[in-house]
Amino acid sequence: MLHLVSYVYIVSSALFILSLKWMNSPVTARRSVLAGEVGMLMAIAGVLLSFHVFNWEWILAAFFIGTAVGIPIAYIMPMTAVPQRTAMSHACGALAAALVGTAEFYRANQIHETLSTFVMVPLMLETLLGFLTFTGSLMAMGKLQEVLPQRPITYRGQNLTNFALFGIAAALGVWLIVDPAQTWIFPIFAGLALVFGVLLIIPIGGADMPTVIALLNSYAGLSACAMGFVLGNKMLVIAGALDGSSGLILSIIMCKAMNRSFTNVLFGAFGQLQVAHGHAEKRPVRSATPEEAASILDAASSVIIVPGYGLAVAQAQHKIRELFDALMKRGVDVKFGIHPVAGRMPGHMNVLLAEADIPYDRLYAMEDINSEFPQCDVALVVGANDVTNPAARTDKSSPIYGMPILDVDKAHTVMVIKRSMNPGFAGIDNELYYMDKTLMLFGDAKTFVSEILKELPARAAA
Amino acid sequence: MSDLEITLFVFMLATFLGLEVIRRVSPLLHTPLMSLTNAISAISVVGAIMITGAYGATMLSKVLGFIAITAAVTNIVSGYLITDRMLKMFKKPGGKK
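Laid out in structure tokens, this is it:
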């Protein structure tokens with residue numbers, strides 16, 4: 046029986062790998078989910094058959110509750126809340142790993158089983174990563190849900206405090222590895238990891254969430270992977286490593302898209318007061334009415350729409366789709382240019398636009414669309430700011446200097462839908478708004494687009 | 336080779352494989368990718384079952400294991416379902432639904 050289970054685990058692992066492989070294209074992606082589900086069911090059936098299972102009532106009750114909670118989360122959650130849900134599931138995954146590690150530690154100590162260094166090292170990593178990711182993800186979730194302030198929370202000596210705390214936790218971990226019988230250390234160690242998770246995330250601002258979510262994803266995966274080492278289960282190691290590397294790649298992509306390093310994201314507290322004083326003088330901008338905007342769009346032959354987090358906040362994706370349809374019907378070539386860090390998690394904008402039924406071959410990544418801006422008649426920016434700021438290319442003193450941006454300023458005409466002239470989250474003034482070819486469309490994205498739409502059919506009839 | 340060495344080999348290979356496979360994922364699908372890997376990493380449910388269902392499991396093991404299974408199953412169920420829900424939204428090019 047035990048042998049059979051090993052084979053089941055091998056097949057499950059293969060299915061997990063295939064599942065990720067099929068995510069390379071939207072055409073095969075639906076298959077991914079199926080492969081993942083079959084792999085998971087096989088793994089669960091495998092473990093339940095692999096040994097004489099006691100306490101069925103506990104296990105079944107947990108399965109029941111987990112399913113009862115999971116189904117509504119998946120179906121009720123609006124797509125704009127996906128970043129929060131993702132943060133929450135990082136928290137759940139990390140908690141599961143941390144608790145299994147904790148239970149294993151006490152179980153072995155209870156029966157005076159010697160925990161070898163080879164078990165203790167991964168066990169400490171599992172619980173450390175698990176607990177800190179648990180609270181860290183809850184903090185990220187709070188920020189995304191706007192229960193907690195999105196601005197970085199900072200204080201003097203913050204990094205020093207964090208390093209010191211982490212140092213103590215690491216030292217206690219090493220002590221436990223050397224002498225696992227000192228069970229009194231464990232709760233202190235776990236508590237420090239929980240506190241460290243909170244302190245690590247509170248100084249990070251909302252705009253950096255894509256990187257942080259990806260990083261927490263990686264930690265949760267590595268925690269599961271460490272559990273595989275503790276329990277000697279290679280399937281856990283594989284699945285955890287896949288998740289860990291996925292999170293790592295995504296966070297590297299996010300960092301590159303902001304031209305920043307990991308350390309800078311984690312300890313830099315971006316968007317601090319350094320620029321808030323900035324240019325205080327009021328410079329003139331040109332604004333336009335929905336009617337003028339409609340006539341410009343109507344006359345254009347190509348339009349690139351650049352969405353950002355503001356689109357998600359205003360829930361404007363369906364109105365944008367209507368605009369997309371109306372313009373496409375008029376023979377205008379409409380494309381979407383999406384910056385890797387637009388929104389609050391990797392791929393956030395793509396999901397929102399796909400939800401509004403915009404075909405995915407119209408969604409272009411930054412490097413594929415940038416060469417098209419110079420030939421484009423109108424660039425319409427909806428709720429994006431820093432990712433369109435030409436200062437990133439030219440102004441060495443700008444905090445975002447060197448960040449790859451969408452070359453919106455190269456389009457013949459630029460229109461920006463924005464609530465007011467308040468600078469964006471990072472507090473950086475956007476040169477784009479003061480250019481001669483830029484028209485500011487002041488208002489809520491959803492309302493403004495509806496007004497443009499109202500103007501469009503009238504013109505077609507005339 | 337000891338079991339630990341074999342496991343380390345498996346870890347090393349799985350990490351490199353993961354990096355190569357994920358690198359090829361279209362940026363279009365980064366959000367569903369994250370919810371999918373989340374569901375997959377809830378494989379920790381296997382460890383939680385081993386802890387909870389062990390012979391002579393203490394009350395502590397049972398309670399911690401119970402919470403762990405609940406959290407992992409929540410991730411599995413909501414992770415796969417929401418990934419599928421998102422992927423359904425990616426309409427084929429050209430084809431007007």
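So the sequence lines, in the order shown, correspond to chains A and B. Positions 46 to 507 (my numbering) are the ones given, in order, by the first sequence. Positions 336 to 432 (my numbering) are the ones given, in order, by the second sequence. No residue lacks a Cβ here, since even glycine has one placed at the ideal position from N, Cα and C.
Going by C-alpha to C-alpha distance, which of the options sits closest to residue i?
i, options, result
"residue 489 of chain A", "A/437, A/447, A/455, A/428", "A/428"
"residue 289 of chain A", "B/347, B/393, B/388", "B/347"
"residue 257 of chain A", "A/161, A/311, A/100", "A/311"
"residue 236 of chain A", "A/435, A/450, A/147", "A/147"
"residue 354 of chain A", "A/285, A/384, A/399", "A/384"
"residue 246 of chain A", "A/286, A/229, A/189", "A/189"
"residue 356 of chain A", "A/401, A/345, A/376", "A/401"
"residue 340 of chain B", "A/491, A/496, A/274, A/328", "A/274"
"residue 210 of chain A", "A/58, A/239, A/444", "A/239"
"residue 215 of chain A", "A/454, A/169, A/55", "A/169"
"residue 374 of chain B", "A/413, A/203, A/183, A/291", "A/291"
"residue 348 of chain A", "A/270, A/460, A/252", "A/460"
"residue 231 of chain A", "A/475, A/449, A/431, A/144", "A/144"
"residue 254 of chain A", "A/387, A/234, A/243, A/207", "A/387"
Rounding to the nearest angstrom, what Cα-Cα distance links residue i and residue j in this structure?
i, j, result
"residue 340 of chain A", "residue 83 of chain A", "53 Å"
"residue 136 of chain A", "residue 414 of chain B", "13 Å"
"residue 219 of chain A", "residue 408 of chain B", "32 Å"
"residue 442 of chain A", "residue 171 of chain A", "42 Å"
"residue 296 of chain A", "residue 466 of chain A", "31 Å"
"residue 473 of chain A", "residue 309 of chain A", "18 Å"
"residue 371 of chain A", "residue 493 of chain A", "15 Å"
"residue 360 of chain A", "residue 462 of chain A", "14 Å"
"residue 362 of chain B", "residue 393 of chain B", "46 Å"
"residue 177 of chain A", "residue 403 of chain B", "16 Å"
"residue 304 of chain A", "residue 152 of chain A", "46 Å"
"residue 376 of chain B", "residue 410 of chain B", "9 Å"
"residue 18 of chain A", "residue 90 of chain A", "Outside the displayed span of chain A (46 to 507) sits residue 18 of chain A, for which this structure offers no information."
"residue 102 of chain A", "residue 391 of chain B", "15 Å"
"residue 417 of chain B", "residue 119 of chain A", "5 Å"
"residue 481 of chain A", "residue 419 of chain A", "16 Å"
"residue 266 of chain A", "residue 285 of chain A", "4 Å"
"residue 225 of chain A", "residue 162 of chain A", "9 Å"
"residue 317 of chain A", "residue 198 of chain A", "Low local confidence applies: a pLDDT of 46 at residue 317 of chain A is under 50, so the model's placement there is unreliable, and no value is given."
"residue 142 of chain A", "residue 497 of chain A", "51 Å"
"residue 319 of chain A", "residue 445 of chain A", "For residue 319 of chain A, the pLDDT reaches just 42, beneath the cut-off of 50, and the residue's location in the model is therefore unreliable, although a value from the coordinates is still provided. Roughly 12 Å between the two C-alpha positions."
"residue 57 of chain A", "residue 203 of chain A", "44 Å"
"residue 405 of chain B", "residue 114 of chain A", "9 Å"
"residue 79 of chain A", "residue 64 of chain A", "8 Å"
"residue 384 of chain B", "residue 431 of chain A", "47 Å"
"residue 396 of chain A", "residue 157 of chain A", "52 Å"
"residue 447 of chain A", "residue 479 of chain A", "21 Å"
"residue 351 of chain A", "residue 495 of chain A", "17 Å"
Name the two residues that bound the continuous alpha helix (DSSP H) containing residue i.
i, result
"residue 357 of chain B", "338–358"
"residue 424 of chain B", "394–424"
"residue 432 of chain A", "Per DSSP, residue 432 of chain A belongs to no alpha helix (DSSP H) and is neither H nor E."
"residue 485 of chain A", "No alpha helix (DSSP H) contains residue 485 of chain A, which is instead part of the beta strand (DSSP E) from 483–487."
"residue 103 of chain A", "101–121"
"residue 184 of chain A", "162–189"
Between which two residues does the beta strand (DSSP E) carrying residue i extend?
i, result
"residue 279 of chain A", "Unbroken run through residue 279 of chain A is the alpha helix (DSSP H), 279–303; no beta strand (DSSP E)."
"residue 378 of chain A", "378–383"
"residue 347 of chain A", "347–352"
"residue 460 of chain A", "458–463"
"residue 240 of chain A", "From DSSP, residue 240 of chain A is part of no beta strand (DSSP E) but of the alpha helix (DSSP H) over 230–246."
"residue 409 of chain A", "408–410"
Taking buried to mean at least 16 other C-beta atoms within 10 Å of its own C-beta, is residue i buried or exposed?
i, result
"residue 72 of chain A", "exposed"
"residue 405 of chain A", "buried"
"residue 280 of chain A", "buried"
"residue 432 of chain B", "Confidence at residue 432 of chain B is low in this model, with a pLDDT of 40, below 50, so its placement is unreliable and the value that follows should be read with caution. By the neighbour-count rule (16 or more Cβ atoms within 10 Å), residue 432 of chain B is not buried but exposed."
"residue 374 of chain A", "exposed"
"residue 323 of chain A", "In this prediction, residue 323 of chain A has a pLDDT of 46, which is less than 50 and means its spatial position is unreliable; what the coordinates show is noted afterwards. Exposed, since its Cβ has fewer than 16 Cβ neighbours within 10 Å."
"residue 424 of chain B", "buried"
"residue 325 of chain A", "For residue 325 of chain A, the predicted structure reports a pLDDT of 47, less than 50, and the residue's modelled location is therefore unreliable. The matter cannot be settled from this model."
"residue 336 of chain B", "exposed"
"residue 416 of chain A", "exposed"
"residue 191 of chain A", "exposed"
Answer with yes or no whether the minimum CB distance from residue i to chain D is below 8 Å.
i, result
"residue 336 of chain B", "No chain D appears in this structure, whose protein chains are A and B."
Any heavy atom of the ligand SAM inside 7 Å of the beta-carbon of residue i?
i, result
"residue 74 of chain A", "Ligands are entirely absent from the displayed structure, and the ligand SAM is therefore not among its contents."
Can you give me, in chain order, the residues of the segment 76–105 of chain A that have a beta carbon less than 9 Å from any beta carbon in chain B? 77, 78, 79, 81, 82, 84, 85, 88, 89, 91, 92, 93, 95, 96, 97, 98, 99, 100, 101, 103, 104
Can you give me, in chain order, the residues of the segment 347–379 of chain A that have a beta carbon less than 8 Å from any beta carbon in chain B? none
For the segment 150–165 of chain A, which residues have a beta carbon sitting closer than 7 Å to at least one beta carbon of chain B? 151, 152, 155, 163
What are the residues of the segment 275–287 of chain A that lie near chain B, defined by any Cβ-Cβ distance shorter than 9 Å? 275, 276, 277, 278, 279, 280, 281, 282, 283, 284, 285, 286, 287
May I ask you to list, following chain order, the residues of the segment 360–382 of chain B that have a beta carbon less than 8 Å from some beta carbon of chain A? 360, 361, 362, 363, 364, 365, 366, 367, 368, 369, 370, 371, 372, 373, 374, 375, 376, 377, 378, 379, 380, 381, 382
Listed from N- to C-terminal order along the chain, which residues in the segment 416–430 of chain B have their beta-carbon within a distance smaller than 8 Å of any beta-carbon of chain A? 416, 417, 418, 419, 420, 421, 422, 423, 424, 425, 426, 427, 428, 429, 430
Please name the residues in the segment 415–436 of chain A whose beta-carbon is closer than 8 Å to at least one beta-carbon of chain B, in chain order. none
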